[in-house]
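Step one of this worksheet: look at the structure below.
There are 2 protein chains.
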Amino acid sequence: MSPSHIHVPTNCHTVTEILSRVGDKWSVQVVVRLGEGPKRFNELRRTVEGVSQRMLTLTLRGLERDGLVTRTVYPTIPPRVEYQLTELGCSLLKTVRALGAWAIENRDEILEARRRFDNAAETADSLQSRSDAA
Amino acid sequence: MSPSHIHVPTNCHTVTEILSRVGDKWSVQVVVRLGEGPKRFNELRRTVEGVSQRMLTLTLRGLERDGLVTRTVYPTIPPRVEYQLTELGCSLLKTVRALGAWAIENRDEILEARRRFDNAAETADSLQSRSDAA
DNA sequence: CAGAATCCGTAACGATACTG
DNA sequence: CAGTATCGTTACGGATTCTG
Chain A
1 MSPSHIHVPT NCHTVTEILS RVGDKWSVQV VVRLGEGPKR FNELRRTVEG VSQRMLTLTL
61 RGLERDGLVT RTVYPTIPPR VEYQLTELGC SLLKTVRALG AWAIENRDEI LEARRRFDNA
121 AETADSLQSR SDAA
Chain B
1 MSPSHIHVPT NCHTVTEILS RVGDKWSVQV VVRLGEGPKR FNELRRTVEG VSQRMLTLTL
61 RGLERDGLVT RTVYPTIPPR VEYQLTELGC SLLKTVRALG AWAIENRDEI LEARRRFDNA
121 AETADSLQSR SDAA
């Protein structure tokens, strides 16, 4: 049992901070792909699908900055750069997979809830416009 | 062992979708606070700290739409509205806590990696400007 | 090949004022 | 009390062009 009634702002902030690192548009996908093994830049660019060159660069820089991936440059011609998960990155991948499992498990329930909610809102709207017209 | 080399786009998309629901600026904090029990609007507004009225409203609507919280209106004067986690919301809270635990556990390592990275970048910059001046 | 730099549109967010 | 409506700003992300 954790004392959840004790509010520790630092922890909340920490969690939020980490979540916004991982919650951006591409970080998770990149981490998951790198979970398959080290990859080169354009290799990632192809497999992540939909990511722009710019965003892949920024995402990788961010992950590198936080110590989640390493960037290794082989000074050949043409240049060759490999990205690889660090141990920290691997441990993150594990907990992200848990969240992923939850997402897949509850996908249908969420989608249906969404459908219901949108339907209800639509119904309310049409009732509204009917009373407007009257 | 999961066959991680088999790429299932639907699952990736699902995970990304869920993560962007939870990865926004306030959802997690709201869910965590609601994990302590049902709360009223302004009660949340105070405990979540930093959230604007507008964003709290939007966040709660989003969570309600996805079936993660319920919204109960007591038609008294003044009005009283209670928000409460659904079962689905509770199950999400559990996996989010796992991510939170990871965040807290690895906070220092991340911060230090960040510091190192920024230092290295700064050093490179100053070397750059020195060769510019020459 | 692996990026850096620039430009630009959208969407997220915050502050404020108003309402039932 | 619990919102809605409107406005302005900022941050995110995409497309394009250029470079070592």
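Protein chains in written order, with full-length UniProt numbering: chain A, 1 to 134; chain B, 1 to 134.
No residue lacks a Cβ here, since even glycine has one placed at the ideal position from N, Cα and C.
Within a Cβ cutoff of 7 Å, which residues of the same chain sit near residue i, ignoring the five residues on either side of it in sequence?
i, result
"E109(A)", "none"
"P79(A)", "V73"
"V28(B)", "V22 and V96"
"M1(B)", "Confidence at M1(B) is low in this model, with a pLDDT of 46, below 50, so the placement of that residue is unreliable and no value is reported for it."
"V51(A)", "W26 and R45"
"E49(A)", "none"
Check the C-beta distance from residue i over to residue j and give it rounded, since I have them as a contact under 8 Å.
i, j, result
"V32(A)", "L93(A)", "7 Å"
"L58(A)", "L44(A)", "About 13 Å separates the two Cβ atoms, so there is no contact after all."
"T14(B)", "I77(A)", "Going by Cβ atoms, the distance from T14(B) to I77(A) rounds to 41 Å, so no, they are not a contact pair."
"L19(B)", "L99(A)", "7 Å"
"N11(A)", "L88(B)", "Contact flag wrong, Cβ pair sits at about 24 Å."
Under 6 Å Cβ to Cβ from residue i, same chain only, skipping five residues before and after it: list those, please.
i, result
"W102(A)", "none"
"L63(B)", "V69"
"D24(B)", "none"
"E82(A)", "P38, R40 and T72"
"T47(B)", "R33"
"C90(A)", "none"
Counting only the same chain and skipping the five closest in sequence on each side, list residues whose C-beta sits under 8 Å from that of residue i.
i, result
"Q53(A)", "R45"
Which of helix, strand or coil does DSSP assign to residue i?
i, result
"L34(B)", "helix"
"residue 136(B)", "In the structure displayed, chain B extends from 1 to 134; residue 136(B) sits before or after that span and is not available."
"K25(B)", "coil"
"T70(B)", "strand"
"I6(A)", "At I6(A) the pLDDT is 49, less than 50, meaning the model places this residue with poor confidence; the figure from the coordinates comes in the next sentence. Three-state DSSP puts I6(A) in coil, outside helix and strand."
"T86(B)", "coil"
Tell me whether the stretch 63-81 of chain A and the stretch 32-42 of chain A touch, counting them as touching only if at least three CB pairs, one residue from each stretch, are closer than 8 Å.
In short, these stretches touch, since the Cβ pair count reaches three.
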